[in-house]
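In case it helps, the working numbering puts the sequence shown at residues 2 to 367.
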Amino acid sequence: MNVEKTPPMVRFKGVMKKFGKVVAVEKTDLEINEGELVTLLGPSGCGKTTLLRMVAGLETPTEGDIYIKDKRINDVPVHQRNLGMIFQNYALFPHKNIFDNVAFGLKYRDIPKQDITEKVVRALEMVRLPGVEKRMPSQLSGGQQQRIAMARAIVIEPDVLLMDEPLSALDENLREEMRREVDNLQQMLGVTTIFVTHDQREALSMSDKIVVMKDGRKLQEGTPDVVYNRPSNHFVADFLGHSNFTAGMVAGFEDDLVEVHLDAGNTLWALQKNGWKEGDRVEVVIRAQKYEIFPESELNSADARNLFKGRITDRSYMGGEVSYFIDLGEGQEVHAISMMRTQIYEIGETVYVQASPQHCHLLPAE
Ligand SMILES: Nc1ncnc2c1ncn2[C@@H]1O[C@H](COP(=O)(O)OP(=O)(O)OP(=O)(O)O)[C@@H](O)[C@H]1O
Ligand SMILES: [Mg+2]
Numbered sequence: 002m003n004v005e006k007t008p009p010m011v012r013f014k015g016v017m018k019k020f021g022k023v024v025a026v027e028k029t030d031l032e033i034n035e036g037e038l039v040t041l042l043g044p045s046g047c048g049k050t051t052l053l054r055m056v057a058g059l060e061t062p063t064e065g066d067i068y069i070k071d072k073r074i075n076d077v078p079v080h081q082r083n084l085g086m087i088f089q090n091y092a093l094f095p096h097k098n099i100f101d102n103v104a105f106g107l108k109y110r111d112i113p114k115q116d117i118t119e120k121v122v123r124a125l126e127m128v129r130l131p132g133v134e135k136r137m138p139s140q141l142s143g144g145q146q147q148r149i150a151m152a153r154a155i156v157i158e159p160d161v162l163l164m165d166e167p168l169s170a171l172d173e174n175l176r177e178e179m180r181r182e183v184d185n186l187q188q189m190l191g192v193t194t195i196f197v198t199h200d201q202r203e204a205l206s207m208s209d210k211i212v213v214m215k216d217g218r219k220l221q222e223g224t225p226d227v228v229y230n231r232p233s234n235h236f237v238a239d240f241l242g243h244s245n246f247t248a249g250m251v252a253g254f255e256d257d258l259v260e261v262h263l264d265a266g267n268t269l270w271a272l273q274k275n276g277w278k279e280g281d282r283v284e285v286v287i288r289a290q291k292y293e294i295f296p297e298s299e300l301n302s303a304d305a306r307n308l309f310k311g312r313i314t315d316r317s318y319m320g321g322e323v324s325y326f327i328d329l330g331e332g333q334e335v336h337a338i339s340m341m342r343t344q345i346y347e348i349g350e351t352v353y354v355q356a357s358p359q360h361c362h363l364l365p366a367e
């Protein structure tokens, strides 16, 4: 049988964008497969919007090519690209009613009136706002307006849905709800989606794939699990989640463990995942959630690896979790986050902290 590989839905090939002397996006290769929800994640100014606007046709690449379904689209005008777009400010037409807002993209497509009505009705059902056709945007809440923006984007049955921080104007609770809404809708329609955000929780909870960006460069791409648990560099480890970083040197090996002598004088053991060799300078990354804290009375002498004694110097509550800072002496400090239902420790209390070798991730020193 002749198995042909389906082409990616969107492909960036050596795409670069300059505004005058400012390089907004460095030369980038990126492939997005059909039906995937991919997030572009990174701090302000890293080039997320610029990448998205190039797919949309609102910016032209300075160099390189963009393909949709194997067709080069650099010179295809915006309205011929069949893309759905949703931006941060809902950008509904304030003087048009909801029907006309949603039907907007259909009017230029030579579609019979009857079909337009049916499509609008169906799109409003999809975003769970049936029957609001006659209302004006100002008569809807922020979250509802954002759903109308979604209905308007999906009604044209786009090849790709482009969303630029669509939830950032909403308050935290609504945002959480809308996050699930976008996720469900995307899965129901199976529409390829590029979602821009600088919110790591948003990215981790929704994406099939996350592209972490900084200064116009792609620093890592992978599933949420991979970028979270196996970050390939300091920036990614730091940007996603709360991490402890400690510098050291590979000093030896024992079975599948690597022995790392920390500059601060202690020894940490990490599970071997890469071909490290003795003398390599490394940075050990340990997620705050991966440290276990326990009192001296529960000290179990069976495994003394990666076990440190310290004193709680700071404690704060974050939802169902408690965040602690623990002073290990010699200028070493550990940030640990534990679930509220476990024991709560007091500031000044002496505790032990331990991280299992499988949760110690090694990066090459930068
Ligand atoms: N039209 C423009 N003219 C000049 N410089 C621009 C233009 N648009 C973007 N830039 C610059 O390009 C870089 C990337 O901007 P971009 O808007 O893509 O970042 P972003 O990741 O979307 O940031 P944010 O999270 O703040 O939205 C920034 O340095 C920005 O100042
Ligand atoms: Mg932006």
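We put the CB at the ideal spot given by N, CA and C, even for glycine.
- Non-local C-beta neighbours of ARG306 in its own chain, meaning closer than 7 Å and more than five positions away in sequence, comprise TRP270, PRO358, ordered along the chain.
- The Cβ neighbour count for LEU52, taken over all protein chains shown within 10 Å, is at least 16; the residue is labelled buried.
- Among the bridge pairs identified by DSSP, LEU308 is matched with GLN355.
- In this structure, VAL192 sits away from ILE149, with a CB-CB distance that is not shorter than 9 Å.
- Shown here, ASN245 sits in a strand according to DSSP, grouped into three states.
- With 16 or more neighbouring CB atoms inside 10 Å of its own CB, HIS362 falls in the buried class.
- Those residues whose C-beta sits under 7 Å from the nearest heavy atom of ligand 2 are, from N- to C-terminal order along the chain, LYS49, THR50, ASP165, GLU166, VAL197.
- C-alpha of LYS135 to C-alpha of VAL156: approximately 17 Å in a straight line.
- Within its own chain, the residues whose Cβ lies closer than 8 Å to the Cβ of VAL77, once the five positions on either side in sequence are excluded, are GLY58, listed in chain order.
- The beta carbon of VAL26 sits closer than 8 Å to at least one heavy atom of ligand 1.
- For ILE287, the closest C-alpha among the options ASP116, HIS336, MET55, PHE196 is that of HIS336.
- By the Cβ-count criterion, ASP304 is exposed, with fewer than 16 other Cβ atoms from all chains shown falling within 10 Å of its own Cβ.
- The residue among PRO167, PHE94, ASN83 with its C-alpha nearest the C-alpha of LEU107 is ASN83.
- Collapsing the DSSP output to three states places ILE112 in coil.
- For GLU35, the closest C-alpha among the options ALA124, LEU190, GLU299 is that of LEU190.
- Taking ARG282 as the centre and dropping the five residues before and after it, the same chain places the C-beta of MET250, ALA366 closer than 7 Å to its C-beta, in chain order.
- Of the candidates ALA265, PHE236, ASP264, LYS278, the residue whose Cα lies closest to the Cα of PHE254 is LYS278.
- For PRO44, the CB contacts under 8 Å within the same chain, skipping 5 residues up- and downstream, are HIS199, LYS215, PHE240 in chain order.
- Secondary structure of MET341 (DSSP, three-state): coil.
- Under DSSP, HIS336 forms a beta bridge with PHE326.
- Remark: C-beta atoms of ILE87 and MET207 do not approach each other more closely than 9 Å.
- For LEU272, DSSP records a beta bridge to LEU258.
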